[in-house]
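Colleague:
Residue numbers (my numbering): 2 to 91.
#1: May I ask you to report which of helix, strand or coil DSSP gives residue 31?
#2: Have a look at 70, 76, 73, 59 and flag the residue whose alpha-carbon is nearest the alpha-carbon of residue 7.
#3: Taking just the CA atoms, how far does residue 25 sit from residue 12?
#4: Check the C-beta distance from residue 50 over to residue 80 and give it rounded, since I have them as a contact under 8 Å.
#5: Between the alpha carbons of residue 72 and residue 86, how many angstroms are there, rounded?
Have a look at this one:
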């Protein structure tokens, strides 16, 4: 059985951010770590969106703290748009 994978992504509106306004990988984990990431997000009122393909790519290809690679931006943008819409920020 495959272990659960979870990634937390964030987007800064701060123009002073060295990377500009690019999304970053805030956390990533498998199994119990993934469950903890999801639990923390839910407790904080953050929307949890399932995208298994993106979760695997982020877990394998990106280190926590790094900017999300350009080739993941379309999937990331869809998730962030959904989350921001749920929070009334769009």
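Ideal Cβ placement from N, Cα and C applies to all residues, glycine included.
Modeller: Answer, in terms of the structure:
#1: strand
#2: 59
#3: 6 Å
#4: 5 Å
#5: 23 Å
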